[in-house]
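Colleague: Here it is, the structure, as structure tokens.
There are 2 protein chains.
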Amino acid sequence: MPNPSAAILIIGDEILSGRTRDANMHYLAGELTRIGIDLKEVRVVSDDRAAIVAAVNALRGAYDHLFTSGGIGPTHDDITADAVAEAFGMALGIREDARALLAAHYERSGLEFNAARQRMARIPEGAVLIDNPISAAPGFSLENVHVMAGVPNIFQAMVASLLPRLTGGKPLLSQTLRIDQGEGVIAAPLAELAAEFDDVSFGSYPFIQNGAYGSNIVIRGTDAARIDAAMARLAALFPRGGA
Amino acid sequence: MPNPSAAILIIGDEILSGRTRDANMHYLAGELTRIGIDLKEVRVVSDDRAAIVAAVNALRGAYDHLFTSGGIGPTHDDITADAVAEAFGMALGIREDARALLAAHYERSGLEFNAARQRMARIPEGAVLIDNPISAAPGFSLENVHVMAGVPNIFQAMVASLLPRLTGGKPLLSQTLRIDQGEGVIAAPLAELAAEFDDVSFGSYPFIQNGAYGSNIVIRGTDAARIDAAMARLAALFPRGGA
Numbered sequence: 001m002p003n004p005s006a007a008i009l010i011i012g013d014e015i016l017s018g019r020t021r022d023a024n025m026h027y028l029a030g031e032l033t034r035i036g037i038d039l040k041e042v043r044v045v046s047d048d049r050a051a052i053v054a055a056v057n058a059l060r061g062a063y064d065h066l067f068t069s070g071g072i073g074p075t076h077d078d079i080t081a082d083a084v085a086e087a088f089g090m091a092l093g094i095r096e097d098a099r100a101l102l103a104a105h106y107e108r109s110g111l112e113f114n115a116a117r118q119r120m121a122r123i124p125e126g127a128v129l130i131d132n133p134i135s136a137a138p139g140f141s142l143e144n145v146h147v148m149a150g151v152p153n154i155f156q157a158m159v160a161s162l163l164p165r166l167t168g169g170k171p172l173l174s175q176t177l178r179i180d181q182g183e184g185v186i187a188a189p190l191a192e193l194a195a196e197f198d199d200v201s202f203g204s205y206p207f208i209q210n211g212a213y214g215s216n217i218v219i220r221g222t223d224a225a226r227i228d229a230a231m232a233r234l235a236a237l238f239p240r241g242g243a
Numbered sequence: 001m002p003n004p005s006a007a008i009l010i011i012g013d014e015i016l017s018g019r020t021r022d023a024n025m026h027y028l029a030g031e032l033t034r035i036g037i038d039l040k041e042v043r044v045v046s047d048d049r050a051a052i053v054a055a056v057n058a059l060r061g062a063y064d065h066l067f068t069s070g071g072i073g074p075t076h077d078d079i080t081a082d083a084v085a086e087a088f089g090m091a092l093g094i095r096e097d098a099r100a101l102l103a104a105h106y107e108r109s110g111l112e113f114n115a116a117r118q119r120m121a122r123i124p125e126g127a128v129l130i131d132n133p134i135s136a137a138p139g140f141s142l143e144n145v146h147v148m149a150g151v152p153n154i155f156q157a158m159v160a161s162l163l164p165r166l167t168g169g170k171p172l173l174s175q176t177l178r179i180d181q182g183e184g185v186i187a188a189p190l191a192e193l194a195a196e197f198d199d200v201s202f203g204s205y206p207f208i209q210n211g212a213y214g215s216n217i218v219i220r221g222t223d224a225a226r227i228d229a230a231m232a233r234l235a236a237l238f239p240r241g242g243a
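As you go down the protein sequences, you meet chains A and B in turn. Position 168 of the first sequence, counted from 1, bears residue number 168 in the UniProt record's numbering, the numbering being contiguous throughout. Position 209 of the second sequence, counted from 1, bears residue number 209 in the UniProt record's numbering, the numbering being contiguous throughout.
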């Protein structure tokens, strides 16, 4: 059975303007690889309701899971929950379990549970809450869409809460060989080897170091023995990394 | 007249597997903001021909410009030029001007201009070459699609070659105020101010520092005077950052 597939949707003008460098894509990509969920696509869209709705509907239909990052706080530009509810054709109201979580958090903190903060208890009916041990305001999973915060340490805490609930597949394994020759030299024998080992994938990631060309060849797959066999052949083709 | 719109398409399994952290999105986002091209969407897809073709066609139709990163080297997994040609319904063959550029480069370097390297001269008819001062192999612009390398320093050099050819609009300006209060406190007055200044955008980017909540409020727009006016009002609402 193939591994489950997934997409990530990152919501935020601050990424698109170049002000902030996204960290959540890279983090979640590594976690999904570890548990055998194949990340197939990432999209970044702005804080625009129609853009979010369109992306949610395209991606939840195309993949087994969709993870979103950003836009679930208390301010006027936090519209992700509204957009996800709209994508599913659902109304969005305050939900009692989420309200109770937040009320307890603000009571402990001695802060007012005002209207803006109550906004964060707006959760679609039927969604399962995603625990937020840092700032209480929960994320949620609605069918195959998992809605999480954008602040990196809260995002990571929510991922830790969520992933044990999901069924992964075979972890994607990889081995890397650094070859100190330009891609133009290694391309032909590499292509032949890749064709022979068509049950693993060969990626070539070139670099320039101290003015010299090289490439990291990454062999990926879910069968450790086949990766070992392919790597042994690759290493024999390019002894000592081809230097 | 509104600014031109744009999307970025990043092609590469190494980003989706979490092996590599993309750097090109953040770099180009900042450059586009500077010259007044509004980045509206980013997608990351794998080294899969059908996925690349579908994304190229969706994004080139939806935005004024599409910039791609990755997959134009000499190895078997470099299929971006093929996918872009397919998206436009064009054949892809060796083009003489690109071949001559590469031949001169390899002659200077004393390296063999072999079949794998000649693959990098495959450029769609009618495309304009994008200069690559680092490793010679050119990118290309086909109508509104700009195809560039994924290696960050080559990508940046190609962006520098390309951008002077594009017509930008009004640079997107921004000012930031750090407020040392949680978003829940500032949300209501912030929403009122944002509604009053509806010709600029207000983004709120929360953070946690030493256990205390705060938020950076970013006011963005193309009219410096209006941003100044909005920032003056914001600063008056939250004197000394609200601490």
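We put the beta carbon where it would ideally sit given N, CA and C, even for glycine. For clarity, every value in this text was computed on a predicted model and none was experimentally measured.
What did DSSP end up calling R19 of chain A once you bin it into helix, strand or coil?
Modeller: The answer is coil: DSSP assigns R19 of chain A none of H, G, I, E or B.
Colleague: Specify, as a first and last residue, the run of the beta strand (DSSP E) that D228 of chain B falls within.
Modeller: Per DSSP, D228 of chain B belongs to no beta strand (DSSP E); it is in the alpha helix (DSSP H), A224 to L237.
Colleague: Could you check the C-alpha separation between G182 of chain A and S204 of chain A for me, to the nearest Å?
Modeller: Each residue's Cα considered, the two are about 11 Å apart.
Colleague: In chain order, what residues of the same chain lie with their CB nearer than 6 Å to the CB of F113 of chain B, ignoring the 5 residues before and after it?
Modeller: Cβ within range, chain order: A103 and Y106.
Colleague: Given a cut-off of 7 Å on the beta-carbon distance, is the pair I72 of chain A and A121 of chain A in contact?
Modeller: Their beta carbons are not under 7 Å apart, which means I72 of chain A does not touch A121 of chain A by this criterion.
Colleague: State the start and end residues of the unbroken beta strand (DSSP E) segment that holds N216 of chain A.
Modeller: From DSSP, the beta strand (DSSP E) with N216 of chain A extends over A212 to G221.
Colleague: Return the bridge partner residues of R122 of chain B from the DSSP annotation.
Modeller: According to DSSP, R122 of chain B bridges with B:I94.
Colleague: Rounded to the nearest angstrom, how far is the Cβ of E14 of chain B from that of V218 of chain A, given a contact under 8 Å?
Modeller: Contact flag correct, Cβ pair sits at about 7 Å.
Colleague: Which residues does DSSP list as the beta-bridge partners of T176 of chain B?
Modeller: According to DSSP, T176 of chain B bridges with B:V218.
Colleague: Name the DSSP bridge partner or partners of A6 of chain B?
Modeller: DSSP output for A6 of chain B lists B:L39 and B:H65 as bridge partner(s).
Colleague: Which first and last residues belong to the alpha helix (DSSP H) in which V128 of chain B is found?
Modeller: Segment V128 to I130 is the beta strand (DSSP E) holding V128 of chain B; no alpha helix (DSSP H) there.
Colleague: Throw me the rounded Cβ distance for the V151 of chain A and T68 of chain A pair, which I believe falls under 8 Å.
Modeller: Contact flag wrong, Cβ pair sits at about 14 Å.
Colleague: Taking any Cβ of chain B, which residues in the segment 35-52 of chain A have a Cβ under 9 Å from it, in chain order?
Modeller: So the close ones are D38, L39, K40, E41, V42, R43, V44, V45, S46, D47, D48 and A51.
Colleague: On the criterion of 16 or more Cβ atoms from any shown chain inside 10 Å, does G61 of chain A qualify as buried, or is it exposed?
Modeller: G61 of chain A comes out exposed.
Colleague: I need the straight-line Cα distance from L39 of chain A to A50 of chain A, nearest angstrom please.
Modeller: In a straight line, the C-alpha of L39 of chain A is about 24 Å away from that of A50 of chain A.
Colleague: Using a Cβ-Cβ distance under 7 Å, would R233 of chain A count as near chain B?
Modeller: It does not; no Cβ of chain B falls within 7 Å.
Colleague: Going by DSSP in three states, V56 of chain B sits in which element: helix, strand or coil?
Modeller: Note: V56 of chain B maps to helix in three-state DSSP.
Colleague: Select from B:E96, B:R119 and B:R95 the residue whose C-alpha is nearest the C-alpha of T80 of chain B.
Modeller: Checked all of B:E96, B:R119 and B:R95; the closest Cα to T80 of chain B is B:R119.
Colleague: Which residues, taken in chain order from the segment 65-76 of chain B, show a beta carbon closer than 8 Å to some beta carbon of chain A?
Modeller: Flagged, chain order: G73, P74, T75 and H76.
Colleague: Whose C-beta lies closer than 8 Å to the C-beta of P171 of chain B among residues of the same chain, with five residues either side of it excluded?
Modeller: These residues qualify, in order along the chain: T33, R34, I35, G36 and T222.
Colleague: By how many angstroms is the C-alpha of A116 of chain B removed from the C-alpha of V185 of chain A?
Modeller: If you take the alpha carbons of V185 of chain A and A116 of chain B, they lie about 8 Å apart.
Colleague: Can you give me, in chain order, the residues of the segment 14-27 of chain A that have a beta carbon less than 9 Å from any beta carbon in chain B?
Modeller: Those residues of the segment 14-27 of chain A that come within reach of chain B (Cβ to Cβ, closer than 9 Å) are E14, I15, L16, S17, G18, R19, T20, R21, D22, A23, M25, H26 and Y27.
Colleague: Secondary structure at V159 of chain A, three-state DSSP: helix, strand or coil?
Modeller: Residue state, collapsed to three classes: helix.
Colleague: Identify each residue in the segment 85-106 of chain B for which the Cβ-Cβ distance to at least one residue of chain A is less than 7 Å, and report them in chain order.
Modeller: Against chain A - using a Cβ distance shorter than 7 Å - the segment 85-106 of chain B contributes no residues.
Colleague: Which residue comes first and which comes last in the alpha helix (DSSP H) that contains L111 of chain A?
Modeller: No alpha helix (DSSP H) holds L111 of chain A; DSSP gives it neither H nor E.
Colleague: Would you list the residues sitting across from L142 of chain B in a DSSP beta bridge?
Modeller: Paired residue(s): B:V145.
Colleague: Going by C-alpha to C-alpha distance, which of A:R19, A:L177 and A:D228 sits closest to F197 of chain A?
Modeller: Residue A:D228 is the option with its Cα nearest to F197 of chain A.
Colleague: Going by C-alpha distance, which of A:D82, A:A55 and A:D47 is nearest L66 of chain A?
Modeller: Residue A:A55 is the option with its Cα nearest to L66 of chain A.
Colleague: In three-state DSSP terms, what is I11 of chain A?
Modeller: Of the three classes helix, strand and coil, the one that applies to I11 of chain A here is strand, per DSSP.
Colleague: If you run the structure through DSSP and keep just helix, strand and coil, what is V200 of chain A?
Modeller: Looking at V200 of chain A - three-state DSSP - the assignment turns out to be coil, as it is neither helix nor strand.
Colleague: Taking only the alpha-carbon atoms, compute the straight-line gap between R19 of chain A and A225 of chain B and give it to the nearest angstrom.
Modeller: R19 of chain A and A225 of chain B: Cα-Cα distance of roughly 21 Å.
Colleague: Considering only the alpha carbon of each residue, which of B:N24, B:A212, B:G12 and B:A91 lies closest to G126 of chain B?
Modeller: Nearest C-alpha to G126 of chain B: B:A91.
Colleague: So, is residue 262 of chain A buried or exposed, given that buried needs 16 or more other C-beta atoms within 10 angstroms?
Modeller: Residue 262 of chain A lies beyond the stretch modelled for chain A, which goes from 1 to 243, so this question has no answer here.
Colleague: Would you call S215 of chain A buried or exposed, if buried means 16 or more other Cβ atoms sit within 10 Å of its Cβ?
Modeller: Classification for S215 of chain A: buried.
Colleague: Assign L208 of chain B to one of three DSSP states: helix, strand, or coil.
Modeller: According to the sequence as given, residue 208 of chain B is Ile; it is not Leu. Strand.
Colleague: Between which two residues does the alpha helix (DSSP H) holding D82 of chain A run?
Modeller: Here the alpha helix (DSSP H) through D82 of chain A covers T80 to A87.
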